[in-house]
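Engineer: Quick one: this structure, given as structure tokens, is what I'll be asking you about.
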Amino acid sequence: MKRLVSAMLSPFRFAARRPFTTLALVVALPIGVIHGLSKVGVEVLPPPYAQRFHAQVDDAIVRGKKAQDFVVAKYEKYFSKPEEEVHHEAHKIVVTSPQGRDVTLTERYVCQIHSQRHIDICALDGGYLEHIYVKEGQAVKKGDLMFKILPVLYQARMEAEKAEAELAQLEYNNTKMLSNSKVVSQNEVLLLKAKLAKAQAEAQRAKAELDFTEIRAPFDGIVDRLEEQLGSLIKEGDVLTTLSDNSVMWVYFNMPEAKYLEYMSDLDERKIEPKIELMLAGQRMFKQVGKIGAIEAKFNNETGNIPFRADFPNPNGLLRHGQTGTILLSKVEKDAVVIPQRATFEVLAKRYIFVVGEDGKAHQRELTVKDELEDIFVVDKGVGVGDKIILEGAAQVHDGEEVEYEFSPPELVMSQLKNRAE
């Protein structure tokens, strides 16, 4: 009896333990029955749905067959033994020599561009802004009238002081004539002479105050933004605009201490001035060449840099105050040792190269790179012009291993360089 009950409950246990398998069987069973009946001529589904149903079932069967073939092929490939081994021919080892030649070394520094004169144009006295004679961005000459402040009060004051000076002049002349006739004393003449000098000074001051109402350009330059509009009430010292003299531009950049010492050493020992160029936005080179105009007196203790100033003529007015760019300092290194970049390899941030000795064995050497140019390294220490270095095939070589190689002249190698070191 227990066995019968167990046999009756076994399908339910199977379904409870394997729900996904049971669901797949429940779905696949009616599909198989319907498809099988159609093969013997008994169609269960209505005609509109029967054709679509059988097409999808046939497509599923084809896909299953392809999956089965794929799995079988992978299985056979994995467990079957290869019929023949594939042998790859090793790359040939090419050796060349470092080359000694003159190279141009270039250092780059971010810079700020300033006008040699950039000042605020301010009101010399208070009042209403009566006239504006310039426009933003306009070029002006020294002495050109730029602004005028309402001069009514200053004009009246000047006229009054001028009248006082004329009156003092008449009194002085009359008293001097009487003094010549012995009518008044000489002291009276001296008193009126002092009064005349004071009146003339007051008149000159009044004229100067009137002149303050006219603001003129102190030098040739370009007008910046107008800070005040026509009719504005301004006070003494208010900024009306700024004026920039862009005929020569001062370009400031910071140089590290080590590079500063190297620059001063070259200047003192070899009298070599580097070529100074300016690169603007978009990699555009400025046509004029600059020169070092000043070196500041102290280092910045926080950054370890010292500010330099390069002066550039600006005849076409391309450079403007506040621009940025990159300073390029270029100098020629005589008889520098250069090697192709792809002949080197890097291990733990250090660069190495294989050198073939007189015994025909490859020896690994550490390099000290002085500078990096396109496709080549300028070497400071590690190899010399007479050494033989492995250019291609270094991955196949071990330190101390004897190698067979093909030598390629350095002139030919340098003329065909395209790839950098990896």
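Under numbering that gives the first Met the number 0, residues 0 to 421 are what the sequence shown spells out, in order.
Just so you know, even glycine gets a beta-carbon here, dropped at the ideal spot from N, CA and C.
Tell me which residue opens and which closes the alpha helix (DSSP H) that L411 is part of.
Structural biologist: 409–414
Engineer: Verify the CB distance criterion: does K141 have a CB-CB separation below 7 angstroms to chain B?
Structural biologist: Protein chain content of the structure displayed is limited to a single chain, and chain B is not contained in it.
Engineer: Pair every Cβ in the stretch 250–267 with every Cβ in the stretch 122–140, then say whether three or more of these pairs are closer than 8 angstroms.
Structural biologist: no
Engineer: Go ahead and pull the three-state DSSP assignment for A393.
Structural biologist: helix
Engineer: Report the option in T103, H113, V102 whose CA atom is closest to the CA atom of F307.
Structural biologist: H113
Engineer: Which class does E82 belong to by DSSP, given the choice of helix, strand or coil?
Structural biologist: Its pLDDT being 45, under 50, E82 is placed unreliably by the model, and the measurement read from it follows with that caveat. Coil at E82, not helix or strand.
Engineer: Using 10 angstroms around the beta-carbon of G381, count the other beta-carbons present and answer buried if the total reaches 16, otherwise exposed.
Structural biologist: buried
Engineer: Could you compute how far the alpha carbon of D244 sits from the alpha carbon of R224?
Structural biologist: 15 angstroms
Engineer: What's the call for L189, buried or exposed, on a 16-neighbour Cβ count within 10 Å?
Structural biologist: exposed
Engineer: Going by CA-CA distance only, name the one from G220, L232, S96 that's closest to D124.
Structural biologist: L232
Engineer: Which residue's Cα is closest to the Cα of Q322: T105, V109, V102, T103?
Structural biologist: When the alpha-carbon of Q322 is set against those of T105, V109, V102, T103, the nearest one is in V109.
Engineer: Quick one, which of D265, A280, Q282 has its alpha-carbon nearest K274's?
Structural biologist: D265
Engineer: Measure the CB-CB distance between K387 and V94 and report whether it falls below 7 angstroms.
Structural biologist: yes
Engineer: Once DSSP output is grouped into helix, strand and coil, what is the label at R319?
Structural biologist: Three-state result, R319: coil.
Engineer: Closest to V139 by C-alpha separation, out of V182, E403, I120, would be which residue?
Structural biologist: I120
Engineer: Three-state secondary structure (DSSP) at G142?
Structural biologist: coil
Engineer: Alpha carbon to alpha carbon, how far is G230 from I149? Give it in angstroms, no decimals.
Structural biologist: The sequence given here has Leu at residue 149, not Ile. So the two alpha carbons sit approximately 9 angstroms from each other.
Engineer: Check whether the stretch 361–379 touches the stretch 333–348, taking contact to mean three or more Cβ pairs, one atom from each stretch, closer than 8 angstroms.
Structural biologist: yes
Engineer: Could you give the C-beta distance for D143 and A216, rounded to a whole number, given that I count them as a contact under 8 angstroms?
Structural biologist: 5 angstroms
Engineer: In the DSSP assignment, find the alpha helix (DSSP H) that holds Y259 and state where it starts and stops.
Structural biologist: 256–264
Engineer: Per DSSP, what kind of secondary structure is L327 in: helix, strand or coil?
Structural biologist: strand
Engineer: Which residue's Cα is closest to the Cα of R116: N186, E158, V222?
Structural biologist: Closest in C-alpha terms to R116, from the list N186, E158, V222, comes V222.
Engineer: Can you tell me whether N253 is helix, strand or coil according to DSSP?
Structural biologist: Three-state result, N253: strand.
Engineer: Measuring CB to CB, does T105 end up less than 7 angstroms from V331?
Structural biologist: The answer is no: Cβ separation not under 7 angstroms.
Engineer: Between which two residues does the beta strand (DSSP E) harbouring Y127 extend?
Structural biologist: 126–131
Engineer: I believe E160 touches A202 by the beta-carbon criterion, under 8 angstroms. Please report the beta-carbon distance rounded to the nearest angstrom.
Structural biologist: 4 angstroms
Engineer: What is the DSSP secondary structure of A348, counted as helix, strand or coil?
Structural biologist: Three-state DSSP puts A348 in coil, outside helix and strand.
Engineer: May I ask which residues mark the beginning and end of the beta strand (DSSP E) holding V94?
Structural biologist: Annotation: the continuous beta strand (DSSP E) that includes V94 extends over 93–95.
Engineer: To which residues of the same chain is L3 closer than 6 angstroms at the C-beta, ignoring the five residues directly before and after it?
Structural biologist: With a pLDDT of only 42 at L3, under 50, the local geometry of the prediction cannot be trusted, and the value read off the model is given with reservation. Within the same chain, L3 has no close Cβ partners at all.
Engineer: Roughly how many angstroms lie between the CA atoms of H320 and K234, to the nearest whole one?
Structural biologist: 27 angstroms
Engineer: What do you get for N313, buried or exposed, if any count of 16 or more other CB atoms within 10 angstroms of its CB means buried?
Structural biologist: buried
Engineer: For Y404, which three-state DSSP category applies?
Structural biologist: coil
Engineer: Is DSSP giving N173 helix, strand or coil here?
Structural biologist: helix
Engineer: Just grab the DSSP bridge partners of L242 for me.
Structural biologist: I118, V222
Engineer: Please tell me whether V402 and G99 are closer than 7 angstroms, where the distance is taken between their beta carbons.
Structural biologist: no
Engineer: If you follow the beta strand (DSSP E) that A293 is in, where does it begin and where does it stop?
Structural biologist: 290–294
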